[in-house]
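**Q** As given, the protein sequences belong to chains A and B, one line each in that order.
Per this note's numbering: the first sequence = residues 1 to 385.
Per this note's numbering: the second sequence = residues 1001 to 1290.
All C-beta atoms in this analysis are idealised placements derived from N, C-alpha and C, irrespective of residue type, glycine included.
From a predicted model like this one, the values you see are computed outputs, not experimental measurements.
Encoded as C-alpha cells, here's the structure I'll be asking about.
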Amino acid sequence: MPMKLHEYQAKQVFADAGIPTPASQLASDADGVLAAAEEIGYPVAVKAQVQVGGRGKAGGIKLVENEDEAREAADSILGMDLKGYHVDRVLVEEAVDFTNELYVGITMDRGEGKPVAMVSTRGGVNIEEVAEEDPDAIAREHVDPSFGMHPYQARKAVYDAGVDRAVARDVSTVLMTLYDLWESRDGSDAEINPLMVTADDDVIAADAVMNIDEDALFRQPELAEMEDEAAAGDELEQKADEYNFDYVRLEGNTGIIGNGAGLVMTTLDLVDHYGGRPANFLDVGGGAKADRIANALDMVFSDDNVDSVVFNIFGGITRGDEVAKGINEALEQFDEIPKPVVVRLAGTNWEEGMEILNEDLVTVEQTLEDAVQRAVAYAEEVNEQ
Amino acid sequence: MSVLVDDDTRVVVQGITGGEGNFHAEQMIEYGTNVVAGAVPGKGGQESAGVPVYDTVHEAVEEEDADTSVIFVPPAFAGDAIFEALDSDLELAVAITEGIPTQDMARVNKRLSETDTRLIGPNCPGLITPGEAKLGILPGNIFSDGNVGLVSRSGTLTYQVVDNLTNRGIGQTTAIGIGGDPIIGTDFVDALELFENDDETEAIVMCGEIGGEDEEEAAAFIDDHVDTPVAGFIAGRTAPPGKRMGHAGAIVSGSGTGTAESKINALNDAGVPVGDTPEEVADHIEEFLA
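Printed below as a string of C-alpha cells:
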C-alpha cells in the first residue's frame, strides 16, 4: 500500500516547496484548539487528522466563528470514531474566503505507464465522481517520466481545463511544483482538492493529499520517519506489519494462509465459491522458513472471528519441509488446538513435508479444492455449536 | 516449437553472485538452461554457478554472445539493471525482482518503447519452455512438454494451474509469468500474440487478477485477433475495494475499476470461458484439446 501522509504533514511538504497554504496549527486537546484559533484569528476550520475521505460529511470538519463554537467542535471531533479511525489530533486552520474551488493532481496512469497531471475547475468534490459523470471536466496531460513536466504542459492543462485567465499563471506554477514534489518524493498520488481561488485572485491549497510509493521509502528517509505517525488501522493489520506479511482483514470466519498473491486470492475466492466466508488474506511470501510459518498461524489464530484455518502452500522457492516444521512448531505449544487447521502442501519438497507434518494436529488434504471445502465445513460446524 | 526461449537461448544472469541469483542460476543450469555468464559490477573475473562473471552486461554479450538476461538485482538497483539490459542489445530481459519503485519502472517503460529488447516482469517468476529452458524461479519439475501456452500475473497460481493440467497429462509449450506490478513489460496482449503465432500452441490459459485493465484489453484483442481457444481464470473476486492484495498491481480502486467481475464479463463477451476454480480451467482446456 502507498504510505499516506496526514493532511498536516502533506501541507508542510507542500508549503516547504512554496505552494501557498493557509496558516494552521496541530492540536490534540480543546485548550490547544482554542490557543491555535486565537493566534490564527477567527473564523477557523477544525479538521480531524485521519486517513479517510469524506471527513466533512462524516462530521470531522467544522467551521467555527468564536471560542464557544471552537470548544464545541474540539469536544465533538477529538476522540470521535470517524469511519473506524480514532481521531486524536485536529488541524486548526485559517478559514479561506474563496470565490472558486479548483482541483489539481498528479498520479501514475498504470495503463499508459506514465504519470498524468490533472486539472479541473470542479474542485471541492470527490474527483473520482467527476471523472465518472463528466470525464471532459478534467484536463489531463501525460508526462514523460524521464524528462519531467515541461512548463508548457502545465499551462496547457490549466488552459484546457478552463481555469480563469486571471489565476492561470499561478495555478500552472502550483501544478509544476506539485509534479516536482511527486517526482522527487516518489509520490504515488499528489493532490490539492480544493485549490481555492480568493476574491483577490490568489490561490491557496485548502487540502493536501500526498501518498508515497512504499517501495521507494528506502530513498525517502524524511518521509519514512513520518510513517509511524501516519500509520493507523486495525490491530491485526499492525501486527502483520511487524511480521512483514501481506495481510488484509476481511469479515468472514475461515482464516487463510498461503504463498503468492494470486494463489492466496484464489484460495479466498474458493472459500466463497464453496459457501464459506474468508476471514483474511495472508501471503507469507516466497521462501518462508519455519518461524515465519509459525508467525502466520499466530496471526490468524489471534483473529477472534476465525473458526477454521486453511493452509495452502504450492512451493516454488518455498519448501514443504520448512512449512511442515513451522506448522508443527506453532501447534505443538498448545494443549488443545484453538481452531481446526487444514493443510494442503504441493510443489517443492512436499513429500518431505508430509513426512514431517504431525497429522494428529492438522487435517491433511491433497488438493486445493478439497482443502478449502474441508475448512469451510469446519467453520460451519463451529458456528452451529 | 515454443515462444521466446528454447535450448539455444544464451543467458546472462545479472546479480549472479547474490544469494538468490546464485541459487537460481544453479537451478536454471540444472534444468538445462544455457546460462553462459553472470554480470555483477566489481565481480568481473570471478566465477559463479560455474560460469564466468563480467562487470557489465555489455561484456557478457561481447565475450559470451549472451542474448537474454535474467535479473536478480535488489529493488533499489533493479531499475538501473534493467536499463543496462535494454541498452546491451539483448533480445529478452526477464526481471524477477519484486518491489522496484514505480517511478523507476515508468522510466524503464519509456526506454522500452525505444528499444527492440523485450522485457518480462518485473515481480514475476520468469518463463519456461518445458524440457528446453527455464528463466527465473519456477519449479521445473511440475511442468511438462505439450501444446498449451500459459500466461499469468501470478507465480504460485501458475504452478497450481499447471499442476491441474499435468495431472491430466496436458503439457505446455511455454509458460510465462508476466508479473504482479502495475507497470510491466510484456503484457497479456503481447503474450497472446506470441502464442497465437506459435504453430505448436493449440490452446491458451490466461490467469489474470484484479487491478488495472490489462485483462479487458486482452479480451478485446482475443475477440479481434486470436483463433486459438483461450480459457481464463481471474483471482480476487472476493477482494474488497481499496485494499492491495499482495501484488502491488492487485487492487480494486475506490471508484470500482479493476474488479474481477469486469474482467470476467469482458472475457466471457470475447467467448473466453472463465473457470470458477483452477480445476474448471483444466476442464475447459481438456475440451479444447479433445
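Roughly how many whole angstroms lie between the Cα atoms of B:Val1252 and B:Pro1241?
**A** Each residue's Cα considered, the two are about 5 angstroms apart.
**Q** By the criterion of Cβ-Cβ separation under 7 angstroms, what are the contact partners of B:Lys1243 in chain A?
**A** Correct list: Val248.
**Q** Hey, would you say B:Glu1261 sits closer than 8 angstroms to B:Val1226, going by beta carbons?
**A** No. Outside cutoff.
**Q** Could you tell me whether the region 185-196 of chain A touches the region 87-103 of chain A, where touching means 3 or more Cβ pairs closer than 8 angstroms?
**A** Contact holds: three or more Cβ-Cβ distances are below 8 angstroms.
**Q** Going by DSSP, name the residue or residues bridged to B:Ser1069.
**A** In the DSSP output, where bridge partners are listed per residue, B:Ser1069 has B:Val1012, B:Ala1093.
**Q** Name, in chain order, the residues that DSSP records as bridge partners for A:Val96.
**A** Note: A:Val96 sits in no beta bridge, so no partner.
**Q** Fully enclosed by the region 189-241 of chain A, which alpha helix (DSSP H) runs are 4 residues long or longer?
**A** Qualifying alpha helix (DSSP H) stretches, in chain order: 221-225, 227-230.
**Q** If contacts are defined as beta-carbon pairs under 8 angstroms, then B:Asn1034 and B:Thr1017 qualify, I think. What distance do you get, rounded to the angstrom?
**A** In fact, because the Cβ distance is near 20 angstroms, the residues do not count as touching under 8 angstroms.
**Q** In terms of residue numbering, what span does the beta strand (DSSP E) encompassing A:Tyr274 cover?
**A** Per DSSP, A:Tyr274 belongs to no beta strand (DSSP E) and is neither H nor E.
**Q** Considering just the uninterrupted stretch of the beta strand (DSSP E) at A:Gly142, what are its terminal residues?
**A** It should be pointed out that residue 142 of chain A corresponds to His in this sequence rather than to Gly. That run of the beta strand (DSSP E) goes 138-142.
**Q** Is B:Val1161 helix, strand or coil by DSSP?
**A** The answer is helix: DSSP assigns B:Val1161 an H, G or I state.
**Q** Going by the CB atoms, is the gap between B:Ile1178 and B:Thr1186 shorter than 8 angstroms?
**A** It is a contact, given that the beta carbons lie within the stated cut-off.
**Q** If you count every other CB in all the chains shown that lies within 10 Å of the CB of B:Pro1130, and 16 or more means buried, which is it?
**A** Buried is the call here.
**Q** How about A:Pro278: is its C-beta nearer than 8 angstroms to some C-beta of chain B?
**A** Yes - at least one Cβ of chain B is within 8 angstroms of the one on A:Pro278.
**Q** Just the chain B side, please: which residues come within less than 7 angstroms of A:Glu270 by C-beta, in chain order?
**A** Per the sequence shown, the amino acid found at residue 270 of chain A is Leu instead of Glu. The contacting residues are Thr1277.
**Q** Any contact between the region 238-247 of chain A and the region 1227-1241 of chain B? By contact I mean 3 or more CB pairs, one from each, below 8 angstroms.
**A** Too few Cβ pairs lie closer than 8 angstroms, so no.
**Q** Alpha carbon to alpha carbon, how far is A:Ala375 from A:Arg55?
**A** Looking at the two C-alpha atoms, the distance is approximately 40 angstroms.
**Q** Which full runs of the beta strand (DSSP E) of 3+ residues lie inside the region 1204-1259 of chain B, going along the chain?
**A** With a minimum length of 3 residues, the continuous beta strand (DSSP E) runs that stay inside the region 1204-1259 of chain B are 1230-1235.
**Q** Using beta carbons (cut-off 8 angstroms, strictly below), is A:His273 in contact with chain B?
**A** Taking Cβ atoms only, chain B reaches closer than 8 angstroms to A:His273, which makes this a yes.
**Q** Who are the neighbours of A:Ile317 on chain B, taking C-beta pairs under 7 angstroms?
**A** Per Cβ cutoff of 7 angstroms: Ile1137.
**Q** Beta-carbon of B:Ile1183 versus every beta-carbon of chain A: anything under 8 angstroms?
**A** Yes, contact with chain A.
**Q** Give a yes or no on whether 8 angstroms exceeds the smallest Cβ distance from A:Lys239 to chain B.
**A** It does not; no Cβ of chain B falls within 8 angstroms.
**Q** If you run the structure through DSSP and keep just helix, strand and coil, what is A:Leu82?
**A** Strand, per DSSP.
**Q** Go through its chain and collect everything with a Cβ distance to A:Leu268's Cβ below 7 angstroms, but skip five positions before and after it.
**A** Around A:Leu268: Ile256, Pro278, Phe281.
**Q** Does the region 1105-1124 of chain B come within contact of the region 1167-1175 of chain B, defined as at least 3 CB pairs closer than 8 angstroms?
**A** Short answer: they don't touch.
**Q** What in chain A is Cβ-close to B:Leu1157, meaning under 7 angstroms?
**A** Within 7 angstroms Cβ-Cβ: Gly260, Gly262, Leu263, Thr266.
**Q** If the criterion is Cβ atoms closer than 8 angstroms, does the pair A:Val309 and A:Val341 meet it?
**A** It is a contact, given that the beta carbons lie within the stated cut-off.
**Q** Under a three-way DSSP split, which group does A:Met118 fall into?
**A** Here A:Met118 sits in strand by DSSP.
**Q** Residues in the same chain with beta-carbon distance under 7 angstroms from B:His1284, minus the five sequence neighbours each way, listed in chain order, please.
**A** Answer for B:His1284: Ala1231, Pro1273, Gly1275, listed in chain order.
**Q** In this structure, does DSSP put A:Tyr159 in helix, strand or coil?
**A** Note: A:Tyr159 maps to helix in three-state DSSP.
**Q** Below 8 angstroms between beta carbons: does that hold for B:Val1094 and B:Ile1128?
**A** No, they are not a contact pair.
**Q** Scan the region 89-116 of chain A for residues whose Cβ lies nearer than 7 angstroms to a Cβ of chain B and list them as they occur along the chain.
**A** Listed by position, the residues of the region 89-116 of chain A near chain B (Cβ gap below 7 angstroms) are Met108, Arg110, Gly111, Gly113, Lys114, Pro115.
**Q** How many whole angstroms separate the CB atoms of A:Gly412 and B:Leu1157, which I take to be in contact at a CB cut-off of 8 angstroms?
**A** Residue 412 of chain A cannot be examined here, being either before or after the span of chain A that is shown, 1 to 385.
**Q** Using a 10 Å radius around the Cβ and a threshold of 16 neighbouring Cβ atoms, would you call A:Asn358 buried or exposed?
**A** So A:Asn358 ends up on the exposed side.
**Q** Pick helix, strand or coil for A:Lys47, following the three-state DSSP scheme.
**A** Correct three-state label for A:Lys47: strand.
**Q** Leaving out the 5 sequence neighbours to the left and right, which residues in its chain are closer than 6 angstroms to B:Ala1081 when beta-carbon positions are compared?
**A** Closer than 6 angstroms at Cβ, skipping near neighbours: Gln1014, Ile1071, Val1073.
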